[in-house]
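**Student:** Note that the numbering used here numbers the sequence shown so that position 6 is -11, with each residue one more than the last.
Encoded as structure tokens, here's the structure I'll be asking about.
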Amino acid sequence: MAEKNKEVAKRGTTEVSRNEEMRERFIRPRTTVHELDNAVKIIMDLPGVSKENLEISFNRGELTIIGRREGWDREKMKPVYVERFDGGFKRVFAIDETLDAEKIEAKLSNGVLEITIPKIEAQQPKKIEIKTA
């Protein structure tokens, strides 16, 4: 039985190394984009990312989100199994002309970033009133 436990521990360490290599190449926070009648909302899961480690900018039709999540002290702790990311990330979203980039709002609360981009007034659905004769 002891041999089996050693094998699991050994395999776990290999898995951690592979995960760390992959993480260094590709970090993509989970993101959902919703279209509402009057806006588009981008919701991104960023647990452990502080406002100070987050930068959002808009330039030439692109919304860019750059951030960094601080990791553990690698000198003091040796991971056995890793599923949470640390390090930097960058996401870029194309914003078309139907959205009002001048009115973009961002809110970070409980590890969730919510960006609201209002639609330009003329692009919002308009309900047509039906009159009777």
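Each residue gets a CB set at the ideal place from its N, CA and C atoms; glycine is no exception.
Please read these numbers as outputs of a predicted model, since none were measured by experiment.
DSSP on Asn93, reduced to helix/strand/coil?
**Tutor:** Against the sequence shown, residue 93 aligns to sequence position 110. Asn93 falls in the coil class under three-state DSSP.
**Student:** For Ile111, count the other beta carbons within 10 Å of its own beta carbon; 16 or more makes it buried, fewer makes it exposed. Which is it?
**Tutor:** Locating residue 111 in the sequence shown gives position 128, where the first residue counts as 1. Ile111 is exposed by the Cβ-count criterion.
**Student:** Can you tell me the Cα-Cα spacing of Asp83 and Glu104, whole angstroms?
**Tutor:** Position 100 of the sequence shown, counted from the start, is the residue given in the question as residue 83. Position 121 of the sequence shown, counted from the start, is the residue given in the question as residue 104. About 9 Å.
**Student:** Rounded C-beta distance between Asp28 and Arg52? I'm assuming under 8 Å.
**Tutor:** On the sequence shown, residue 28 is found 45 positions in, with the first residue counted as 1. On the sequence shown, residue 52 is found 69 positions in, with the first residue counted as 1. In this structure Asp28 does not touch Arg52 by the C-beta definition: roughly 11 Å separates them, more than the 8 Å allowed.
**Student:** Do you know how far the Cα of Gly31 is from the Cα of Val16?
**Tutor:** Walking along the sequence shown from the start, residue 16 turns up at place 33. Walking along the sequence shown from the start, residue 31 turns up at place 48. Straight-line Cα distance between these residues: approximately 21 Å.
**Student:** Taking Glu18 as the reference, give the member of Ser92, Lys90, Thr81, Leu96 with the closest Cα.
**Tutor:** As a working note, residue 18 is residue 35 in the sequence shown. Minimum Cα-Cα distance from Glu18 among the listed residues Ser92, Lys90, Thr81, Leu96 corresponds to Thr81.
**Student:** Comparing alpha-carbon positions, which option in Glu58, Phe72, Arg74, Gly54 lies nearest Val65?
**Tutor:** Numbered from 1 along the sequence shown, position 82 holds the residue referred to as residue 65. Residue Gly54 is the option with its Cα nearest to Val65.
**Student:** What separation, rounded to the nearest whole angstrom, lies between the Cα atoms of Glu38 and Ala77?
**Tutor:** Residue numbering aside, residue 38 sits at position 55 when the sequence shown is read from its first letter. Residue numbering aside, residue 77 sits at position 94 when the sequence shown is read from its first letter. Distance between the alpha carbons of Glu38 and Ala77 is about 17 Å.
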